[in-house]
Every structure is written in structure tokens, then in C-alpha cells.
Amino acid sequence: MAQTRVVGLKSPEQAGTRPVPSDLPYEATVHDALKGVLLDNYHDINSQTVTELSREPSALEFMRFVARNQPFVVRNNRALTRIPCFSEPLRTWNAAYLSKKMNNQPVTVAMTPKGNADAVVQLPSGGSIFCKPHEILEPFDSALHFIRTQETSPSSTGATRYIQSQNDNLRSEYTDLLTDIPPSIPWASTALDTAPDAVNFWLGNSHSTSVLHKDHYENIFVQLRGAKEFTLLPPVESPCVHERSVLSATYQPRDASLKPSHLTKDDLLLGIDHPEQYVPLPTWDPDRPGDNTTAYSQYARPLRVTVEEGDMLYLPALWYHKVKQRAGDEGMCCSVNYWYDMDFTGPFQCANKFVQDVAVLGVREKA
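Here is the structure:
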């Protein structure tokens, strides 16, 4: 067999393979890779503000944001023409109109002492609890009245109410409102080649907040009354948010004979769920950055965006988000959102899970 002749080869060692070039030194650790390669590179390449659009995107334009896993907000500026399919609820959805449309039907209402539904609460004795709300069926007018009254009466001792069932409630409990809004977002349904998994109606006041969490959905969110303040972190910042499995509990009345209308903040107590359940959740709070930290929390760069009346936010799948509310003129904050299931094929989901698992190794390494 003839030998391959190579001109200029000084020795066999010269032709030996070598490691692929890397910015990391040979002695680098998992921590170095997570900080230098993942977080620093991501922050250097990507914008630290949420993209603002002056109109709704086309299906092609939207798909580009989905492919980049990048949020955007369509600013309405109260013109009511930037998002035409929502001009009717933006014009008509005041308290009197919602009351008339709903005809005092019973609806599911979440109740908590401080507006902390689906929240992680630190216990004085140590440890944490994931708190789920007490849920009641209540006439819509009663829930609406209490939400508005509590907003204008800071001294109110009543438990905080929030309509937030997240179970496709616009196509079940709130079908009377569906005539005012589109059943889907056309350009999103075209781009994603599917109808929304769920269309949700949200109604509350400034007492309610949502703690940092993520969803496996492409989320199109429209603000109709009041405003919501979003704090956003991309999936690559999962090493920063200190995800832990947290014991689950549900608020319940201390006395089962108490009527929902009489429940005060002190009447709701946490009861551990049975069977026992642990829920994976971020325990780091971007508004309290010094608490519950990991070795990477200091490198997080939260994005903050306020969604005003008539604005539309695209929140990509697996983005961490914390939400605060501001009530509008009538003492209520009202919005709808469309959840499109994320695509689990391709590399995105696997890569995200890999980052999470490597982050666990990095935290162990720095412990």
C-alpha cells in the first residue's frame, strides 16, 4: 500500500489532533464555562431592552422573534388602531360593561391574604413553602366589586381576590366576553401552525403579584385596563435563579363555616397538600437580589417592561417572568393572554435542560 507523502511535515507529532480552540484555559471549571461562555457571551450579543414595535408583526416577522426566543412589545399609545382586533374591548370594557356582559354568573376566584397566589413564602423557622390560593365560586359582580373596592380602600382587611384561573377560562367561564375579542392571534397561529392551547382572562388590582416563574408556552399578552410591570430573564439565566423543589401548600379558611364574603386576611391559613408534593420553582427574587442567591445570581441582567392599556407583549417560551399590577381609573387591572404550546422538537428544549443540569453542577462546584 502506497504511503501518503506530505511536503513540509516536520514530525508525526505535528500532525496529531489538538483540542478545539476555546476561550477557556485548560484548568477552567464548570463555573468558568457558565459565567464566561454562557452568560457573558449572551449578554454581549443580545440587547438589554425589550424590542418595541409600532404595529403588529406579520407571521414571518413573528417567527423570527420565536426563532431567536426574543420578546417584543407592540405599543398602542391609546390610538386603538395599532392592534385593531382589540379596539372593541379597549373601547368598551369598563366595570359596568363587564358586569352587564357577565350577567352575575358564578366565576372561579383566587383568594390569598396578600395577593401572593402561586408564590414562594419563606418561613420564619426556616425553609420555604409554595403557596396556592384558596379558590371559591362567587358571583362575578361580587368579585368585581371587592376587587375595585379594595384598590381604593387601603385599610381593607379582606383577603385579596384575583381572577387568574389560567385554564382556558375565556372559553369556559367567560364565553360571554369572547364576542369582543379574537379567538386567536392570526399571525401567531399562522407562524406556529396551531391554535392557542388556552385563552385566559385576568382581573385583579395592585395587591396581586406573580412571583418569578416560567411557562412552556409562547405567550401573547394584551393589556386592556390598568398596567402590568414585567421583570424578565431569558432561559440562559437559569443558573442565576436558584431553582429548587419547594413543598406545596394551599390556603384554606381557618373556619369552614365562614362565608367567602367575610374572609379576612387573617382567616386564611396554609395547609400542606396531601399527598405531599414538591414543585420546581425559582427561589431567587430579582427585586431582592441579595437573598437566596447562587454563585451566578450576581450576573443576571433582568429586563423590565411596563405593558400599558392597549399594548401587546410577546413573552417567549421558558422566559422567567415576575409581574406586578397597577389598577386603572376604575380600580381594576384587566388583561387577556393566548398560550401557544412551545415546540418541544429540535434542540431548544434539550439545550435548555442541559444548561439547567450543568448549572446544578456549577452550584455544587462552588458550594
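Here numbering that gives the first Met the number 0 is used: position 142 in the sequence shown is 141, and no number is missing along the way.
Think of the CB as a built atom: it goes at the ideal place given N, C-alpha and C, for glycine as much as any other residue.
Owing to the predicted nature of the structure, the values given are computational and were not obtained by experimental measurement.
Just to confirm, are residue 199 and residue 169 a CB contact at a threshold of 8 Å?
yes
So, using beta-carbon positions, are residue 246 and residue 70 closer together than 8 Å?
8 Å or more divides the Cβ of residue 246 from the Cβ of residue 70.
Can you check the region 297-359 for any beta strand (DSSP E) of at least 3 residues that lies completely inside it and give the ranges in chain order?
302-306, 311-314, 319-325, 332-340
Please classify residue 301 as buried or exposed, where buried requires at least 16 neighbouring CB atoms within 10 angstroms.
buried
Measure the alpha-carbon distance for residue 78 versus residue 20 and round it to whole angstroms.
Confidence at residue 78 is low in this model, with a pLDDT of 49, below 50, so the placement of that residue should be treated as unreliable; the coordinate-derived value is given next. So the alpha carbons of these two residues sit roughly 53 Å apart.
Which residue or residues does DSSP assign as beta-bridge partners of residue 110?
133, 160
Counting only C-beta atoms, is residue 316 closer than 8 Å to chain D at any point?
Structure shown: chain D not included; a single protein chain is present.
Figure out for me which residue from 217, 307, 308 has the closest Cα to the Cα of residue 61.
217
If you draw a straight line from the alpha carbon of residue 137 to that of residue 263, how long is it in whole angstroms?
16 Å
Buried/exposed call for residue 25, threshold 16 Cβ in 10 Å
exposed
Tell me the rounded alpha-carbon separation between residue 116 and residue 100.
27 Å
So the alpha helix (DSSP H) residue 145 belongs to, where does it begin and stop?
139-151
Measure the C-alpha to C-alpha separation of residue 181 and residue 84 and round it to an integer number of angstroms.
7 Å
Hey, would you say residue 166 sits closer than 8 Å to residue 241, going by beta carbons?
no
What is the rounded straight-line gap between the Cα of residue 185 and the Cα of residue 15?
56 Å
Between residue 12 and residue 2, what straight-line distance do the alpha-carbon atoms span, to the nearest angstrom?
17 Å
Mark residue 145 as exposed unless 16 or more other C-beta atoms lie within 10 angstroms of its C-beta, in which case mark it buried.
buried
Name, in chain order, the residues that DSSP records as bridge partners for residue 287.
284
Quick check on this structure: which residue in 288, 177, 308 has the alpha carbon closest to the alpha carbon of residue 228?
308
If contacts are defined as beta-carbon pairs under 8 Å, then residue 271 and residue 248 qualify, I think. What distance do you get, rounded to the angstrom?
5 Å
Nearest-angstrom Cα separation, counted from residue 35 out to residue 329:
49 Å
At what residues does the alpha helix (DSSP H) containing residue 99 begin and finish?
94-101
Residue 4, DSSP secondary structure in three states
coil
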